[in-house]
Each structure stands twice: as C-alpha cells, then as structure tokens.
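So the structure is just underneath, and the comments pick up after that.
2 protein chains.
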Amino acid sequence: MNLKQLSEMLGLSQTTVSRALNGYPEVNEATRERVLQAVQETGYRPNKAAQRLATGKAGSIGLVMPTAPGHYSDVHFGEFLTGLGEEAVRHDFHFVIMPSDPDDEVAALRRLAISGNVDALFVAYMRGHDPRLPLLKSLSMPFLVHGRSFCTEPDYPYLDIDNEGAFYDATRLLLQLGHTRFGLLNGPEHLDFAIRRRNGVVSALGERGLTLPEDCISHMSMTDEHGQFAMERFLQLPERPTAILCSSTVLALGAIRAVTQAGLKLGEDISLIAHDDVLPHLKPENFSVPLTTTRSSLRAAGVRIAQRLIGTVKRDGPFPEQELWKTELIVRASTGAAPR
Amino acid sequence: MNLKQLSEMLGLSQTTVSRALNGYPEVNEATRERVLQAVQETGYRPNKAAQRLATGKAGSIGLVMPTAPGHYSDVHFGEFLTGLGEEAVRHDFHFVIMPSDPDDEVAALRRLAISGNVDALFVAYMRGHDPRLPLLKSLSMPFLVHGRSFCTEPDYPYLDIDNEGAFYDATRLLLQLGHTRFGLLNGPEHLDFAIRRRNGVVSALGERGLTLPEDCISHMSMTDEHGQFAMERFLQLPERPTAILCSSTVLALGAIRAVTQAGLKLGEDISLIAHDDVLPHLKPENFSVPLTTTRSSLRAAGVRIAQRLIGTVKRDGPFPEQELWKTELIVRASTGAAPR
DNA sequence: CCAAAATTCCAAAGCGCTTTGACAACAGAC
DNA sequence: GTCTGTTGTCAAAGCGCTTTGGAATTTTGG
Numbered sequence: 469m470n471l472k473q474l475s476e477m478l479g480l481s482q483t484t485v486s487r488a489l490n491g492y493p494e495v496n497e498a499t500r501e502r503v504l505q506a507v508q509e510t511g512y513r514p515n516k517a518a519q520r521l522a523t524g525k526a527g528s529i530g531l532v533m534p535t536a537p538g539h540y541s542d543v544h545f546g547e548f549l550t551g552l553g554e555e556a557v558r559h560d561f562h563f564v565i566m567p568s569d570p571d572d573e574v575a576a577l578r579r580l581a582i583s584g585n586v587d588a589l590f591v592a593y594m595r596g597h598d599p600r601l602p603l604l605k606s607l608s609m610p611f612l613v614h615g616r617s618f619c620t621e622p623d624y625p626y627l628d629i630d631n632e633g634a635f636y637d638a639t640r641l642l643l644q645l646g647h648t649r650f651g652l653l654n655g656p657e658h659l660d661f662a663i664r665r666r667n668g669v670v671s672a673l674g675e676r677g678l679t680l681p682e683d684c685i686s687h688m689s690m691t692d693e694h695g696q697f698a699m700e701r702f703l704q705l706p707e708r709p710t711a712i713l714c715s716s717t718v719l720a721l722g723a724i725r726a727v728t729q730a731g732l733k734l735g736e737d738i739s740l741i742a743h744d745d746v747l748p749h750l751k752p753e754n755f756s757v758p759l760t761t762t763r764s765s766l767r768a769a770g771v772r773i774a775q776r777l778i779g780t781v782k783r784d785g786p787f788p789e790q791e792l793w794k795t796e797l798i799v800r801a802s803t804g805a806a807p808r
Numbered sequence: 469m470n471l472k473q474l475s476e477m478l479g480l481s482q483t484t485v486s487r488a489l490n491g492y493p494e495v496n497e498a499t500r501e502r503v504l505q506a507v508q509e510t511g512y513r514p515n516k517a518a519q520r521l522a523t524g525k526a527g528s529i530g531l532v533m534p535t536a537p538g539h540y541s542d543v544h545f546g547e548f549l550t551g552l553g554e555e556a557v558r559h560d561f562h563f564v565i566m567p568s569d570p571d572d573e574v575a576a577l578r579r580l581a582i583s584g585n586v587d588a589l590f591v592a593y594m595r596g597h598d599p600r601l602p603l604l605k606s607l608s609m610p611f612l613v614h615g616r617s618f619c620t621e622p623d624y625p626y627l628d629i630d631n632e633g634a635f636y637d638a639t640r641l642l643l644q645l646g647h648t649r650f651g652l653l654n655g656p657e658h659l660d661f662a663i664r665r666r667n668g669v670v671s672a673l674g675e676r677g678l679t680l681p682e683d684c685i686s687h688m689s690m691t692d693e694h695g696q697f698a699m700e701r702f703l704q705l706p707e708r709p710t711a712i713l714c715s716s717t718v719l720a721l722g723a724i725r726a727v728t729q730a731g732l733k734l735g736e737d738i739s740l741i742a743h744d745d746v747l748p749h750l751k752p753e754n755f756s757v758p759l760t761t762t763r764s765s766l767r768a769a770g771v772r773i774a775q776r777l778i779g780t781v782k783r784d785g786p787f788p789e790q791e792l793w794k795t796e797l798i799v800r801a802s803t804g805a806a807p808r
C-alpha cells in the first residue's frame, strides 16, 4: 500500500492525502477524517526512504557502535541506549547504528553522516583531542557529545557530568576521614572522563600536600576482572593505599573481591568510593558492604540527550549548548576512618 | 556531492558512473578506474535513502528495543548487539533500532517492517505463543528469531540454545552429587527460555521421582537484586534447597550474596549452577567461589544470526532454517556433594 | 448579482539513485 | 561493402514521497 494507491482508493490526489496526513491546514476537516479513517483500515505507513528523500528528514539519530572480535561490549552502552530510546519513542524517532571497528570510528562516523540516513549524530566515549570533533563540526548536521574532549576548546554542544568535581569531593571525604594513602582504579587512560577524574583526585590531594604515586593509579577497561587484578596489585604494595577511588561499580565489584580475599574488611581496613552510573543490575546498596558512591544516572543522561537532539532536529529549541551535571555523593558503609 | 555532480565532473552519464561503482561488467576498466579515483578524491557516498528507494535494499537489519521509564535495560542486550555488529561491519550493514514501549512491541515491529527502512528483521526475548510470529510470517521480509516460542509450531527460522538440555544436564550433575532438594532461580515466567529451563529441571528430577515444589521456583527479571531477594526466600524455607539452578550469572551474583550473608558456604552447604552467557564483565571463574556453569556465548549467537540474516538478504544462502546450539557444562567449585 | 477573497483540491516537478532499452562505434565474417 | 556481434555509453523511466504553483470551487462583501 502506497500513497498513490491510497489516494486512488479515496478518489483524492496524492497531494491532498499527503497534506491531510501531515497536518497541513489547507484541507477540509471532513476530508482529513476520511483519510485518517482509511489509513486506520489499510494500515498504510509512508515509506521512510521516500519521505527522507523528499524532505531530507526521517526522524532518526545516528550513532556508531565500536565492535570487533576482541572488543568487549560495555554494560554502560546498553544502559545509555535505553535512555535514548525512552525519549525517542515519544517522538517516533529511531536509531541508525553503524557498527565499526574501534580503529575506524572517524571514518564510520563520516560514512554514517553522509549516507543520508540520519538527521543528527551522537557520540560518546570522548578522548582527549578527540579526532571526531573537527569532523562533526565540519558536517553541518546537528550533533551532541556525551562527555567532553580534554584539550579541545569547548565550543561544541555537549552534556557531561562534573567528573573532576565528583572525584574531588570524594577524595575530600576520604581525607577528612584521615586517609593519606590513596589508590585510583580508573577507566582507560585516553578517555576524557578518566583524565578529569584523575585530575579531581590529584587536585584534592594537592591541597593537603599529598600526591598520588604512579603505582597507585591503574587505568583499564572497566570489567570486574580488571578491577580485581588492579586491586590485588595495590594490596601488595609495601605502603598500600587505605583509600580507593573507583571509576565504576563494575570495577568495584572486582576490587572488593580482592579486598575480601586478602582477608581485609571494607569500610575498616580499606575505604572505597566508586562512581555509580545507576546500572539497574548492579546497585551499590546491594553490595555486601553497601558502597559509598558518586552518583549520576547514565540513563537520565540518555533521555536528556535524546531530548536535545530530537528537539534540534524538529527545531523545538533552543537548548543550552552545554550542560554540566553535578553528581551526588552518597555515603554508605564502604567508607570509614583511616586505620591507625 | 551527488551522482549527478560526480558524473558531470567526469564527463560521463550517471548510468555509467553508477555501473562502474556497482561492479557491472559492461564498463571499460579504464573508465571504472577513473570513477573510483574520483570517488576517492571527492569522498562521494551514495545517498542510502535514494539507493533504498531505487533498489528496495539498503543494507540494514531492523530490531525493536523495548524501553520505558520503569523498564530495566538488559545487560544481555548490549552483549548480543555487539555480536550482531561484529558481523555486520564486515558487510557494511547497519542497524535500525526502533525503541518501543514493551506493551507495544508488535505494533512497533509492524511499523518498522513497513517503514521501508529495513531489509530484514530480528526478534528475541521470545514468549510462549509469541504474537510477533504470525506478524513476521505474514510480512514477506526475511527474519530470524533468537530463541523459540513455546506452543508454536517451529516452522520459522530460528537460532536457539538447548535450554532444556542444559538445565537437564545441570540437574543431573547435582543429583549425582546427592542433592535432593532443588531451587530454581529463573527468568521472567512468560519467556520461552525460562519455560524450557524449568522443564529441563523438572524432567531430570522426575526421572528420580523428585519434584520441584512451587515455593522453590522463582521467576523474575534478571538483576542481582532479584537474585538476592529470591535466594533469601529459599533459605528461609523449613526444608531449604541445597542445590540451586540459576538462569544467569547476574542472578547468581545476588544469590551468592544471600548465601554468604546467611553464613553458608557455596560449594559445601549450597551448590549452585548458573547459566553463563559469557558476559565479559562477569566471568564465572572470577566469583569468590568459581561458578559451575552451563555456557553458551550470547555474542557468538549474535555473530551467527547476523551472518544468516545478511546472507539471506544478499542471497548468499542457503542457510539452515533452524539451529539449536548445545551448551557446555563446565564444572568449577560452586558444586559439591550434598551436605548430610 | 458580480467581483474578489478564501477555501479546497490537483498536476507536475523534484529528491538521488538504479535499471531498462537503445544507440553509437568498432571489430571480424562473408 | 554489407551484416552480425561486441563493447561502452547514454537518455529516460521509475522508486514513493513532499511541495510548489495554479486551477476549480465556494464564500464573502459591496
């Protein structure tokens, strides 16, 4: 069933039917009713490809998903996508996901953009000096960045959380509890959020004249296995840290395993604060020792990003170009006074 | 840059350029070279919407993603998608993801199908008597089902794992270890895999004249929180089970927490076997007591499904219509002889 | 009652691509 | 020198939709 058939069926021209469907005013209400009725009955749906060709728009936002045989999927990706979707479904938008080798993301992004398949682009997992940014800026297509890119002038639309502030505050809390030896279990070194979180820690320590030794920093992709491994290394240090900052609850899962297996008690021998993206399957309050966290919902960020992106495409704006969300510091049982 | 401009630039007709690009034989090799050269230089990419309109194909597979404010994202979804993507990227295919309210999935699937945006469809999270199946069959568009639908004649293309066999074997192992009181931590009751796994357990128990009491079965969405909660209930039973079958390592995470908090030892007081989808961030060998599991890689299933789907669209087939993968039973430390 | 304005509808062009059918140009066969 | 067969190219139609400019019809105002 296409427009032509539908209009013939109704004895109207394609123009009129199209207008009736798209809410143009110059069509009789009675006629519009009749058209809508027929659409109901026949189940007619306009062909999106044709619509896109004609209008240049088709209600889709594009993103590239890194994937390769050795490449780990990321729990956070799914959670974020769910947030995007939650908003998209309200506007009848869909996603076009272009899978890409992680080494080829820039090219994949360009292909996606000029494929004419999407109205707007979304990127995340920003790095310092991110090479996708110049591309995006040159593209004359709406885009939105989740996170920021260190060492790049922030003249692009983004939504980010205050990573530096979060880890600064967390470190301060631990300092107040008397801790002096710190360890940082962080995400991959090149990622922007990891850089900023590290800066937050270093800066809070600096105010007290403390430093974060190189061997007390661990950068890794965020799986529980890596968390455990890195924590084991920390624990074997001659002057082992008593306070741990941790970039994800997934990492914390492994780290705590290492603590427990070493016969140490969380919240007493070792204090730990993790960043909580509010993953539904891994709640900090459910850990055997409930976790003190810096919290910011990844999913909520997804919803907001979809809102802004879709709003821009539909020209519902204006939206603020840049948003920086504060995180909440939630104290639970995994933090305690420094052991003496 | 579009075809017309490119062809004018080259002094050729659109036809010739198009043919050169799409590998048709009736074009001079020298001309083809010249065209390819120009494409390199200009970065020309055909407009996918136009291509789709003209050919009816555009290299995309469609899927619907359930999402709603209260709806949990599922870790398994991301992992599976990564597998799909791993194969798709090799064929320059992309995904069109239609977010949908979970109550509206059938309609969303129909919209996606007749939107003319996709070449093939994929569905998962099958239920008994799944209402999407009749729709898919009526659609005359290639599709593939991950899982099966209980109570529906299996006359549709699917890829599934042998859930019943997996849990049958796991139960047998526990029986051999002398266990007689069983508990089942299962996925949502209406889902096909949950039904089959339950059947596997019941059938193995039945052979020994044993039953699975209603209060030793728990159906829930698979988060660690639910796992913990359900396990706590099991442990309070007057005749508490000593052997636990568990539909996911995520559930197991919570269940084990309950076991530990009750002061019981996994592998001694309580034996547990979980199904392992090979999630990279949650490895059974890393649990404080390594987990005995039935294993089948979700990601590998994704790769295979993409292979079949893309192959069908490209007419590379034929592929077997139905595949049933065996799972591996891997014995680790969480299973031991029944306590006396 | 008639001209002007408003309303309702339509024919046709165009979006960027693929594909059909045809046409030159050139070779070799008789 | 004509006839057939290749080879390389092109013009034009068509995919299903939106949108422009204009035509037909109805309503309004003097």
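Keeping their order, the protein sequence lines are chains A and B. When we follow the numbering used here, the leftmost residue of the first sequence carries the number 469, and every step to the right adds one. When we follow the numbering used here, the leftmost residue of the second sequence carries the number 469, and every step to the right adds one. Built from N, CA and C at the ideal position, the CB exists for glycine as well. These numbers come from a predicted model, not from an experiment.
Going by DSSP, Q790/B is part of the beta strand (DSSP E) stretching over Q790 to W793. Nearest neighbour of S756/B by Cα position, chosen from V669/B, R800/B and A592/B, turns out to be R800/B. As the crow flies, the alpha-carbon of P493/A is around 19 angstroms from that of V507/A. In chain order, F611 place their CB closer than 6 angstroms to the CB of L604/A, counting only its own chain and leaving out the 5 sequence neighbours on each side.
Annotation: Cβ neighbours of R513/A in chain B (cutoff 7 angstroms, chain order): R579, I582 and S583. With 16 or more other Cβ atoms from the protein chains shown falling within 10 Å of its own Cβ, S541/A counts as buried.
In this structure A726/B is in contact with M699/B, their Cβ atoms being roughly 4 angstroms apart against a cut-off of 8 angstroms. L703/B and L713/B have their C-alpha atoms spaced approximately 14 angstroms apart. For the pair T499/A and T484/A, the CB atoms are nearer than the 8 angstroms cut-off.
Contact annotation for Y540/B against chain A: P748 [CB-CB distance below 7 angstroms, chain order].
Bridge partners of R763/B according to DSSP: D744/B and E796/B. Secondary structure note for P567/B: its beta strand (DSSP E) is the uninterrupted segment H562 to S568.
Contacts between D692/B and chain A, judged by CB atoms closer than 7 angstroms, involve H749, L750 and N754 in chain order. Within the segment 554-569 of chain A, the residues whose Cβ lies closer than 7 angstroms to some Cβ of chain B are E554, A556, V557, H562, F563, V564, I565, M566, P567, S568 and D569, listed in chain order.
A direct Cα-Cα distance of roughly 6 angstroms separates G596/B from L659/B.
With fewer than 16 other Cβ atoms inside 10 Å of its own Cβ, K794/B counts as exposed. What G722/B touches in chain A, judged by beta-carbon distance under 8 angstroms, is N754, going in chain order.
Taking 8 angstroms as the CB threshold, E789/B stays off the interface with chain A.
By the Cβ rule, the segment 763-776 of chain B does not count as touching the segment 705-722 of chain B, because fewer than three pairs are nearer than 8 angstroms. In the structure shown, Y593/A falls within a coil segment according to DSSP collapsed to helix, strand and coil. In this structure, P807/A places its C-beta atom within 8 angstroms of the C-beta atom of E736/A. Annotation: Cβ neighbours of T728/B in chain A (cutoff 8 angstroms, chain order): S756. L531/B has its alpha-carbon roughly 20 angstroms from the corresponding atom of L521/B.
Between the alpha carbons of S689/A and L652/A lies a gap of roughly 13 angstroms. Taking the Cα of K751/A as reference, the smallest distance to any Cα among G695/B, Y624/B, M533/B and Y636/B is reached at G695/B. Judged by DSSP in its simplified three-state form, F618/A adopts coil rather than helix or strand. DSSP places M469/B in the coil class of the three-state scheme, outside both helix and strand.
Burial state of C684/A is buried, judged by a 10 Å Cβ sphere holding 16 or more other Cβ atoms. In the displayed model, H687/A falls within a strand according to three-state DSSP. A residue is called buried once 16 or more other Cβ atoms fall within 10 Å of its Cβ, and E554/B is buried on that count.
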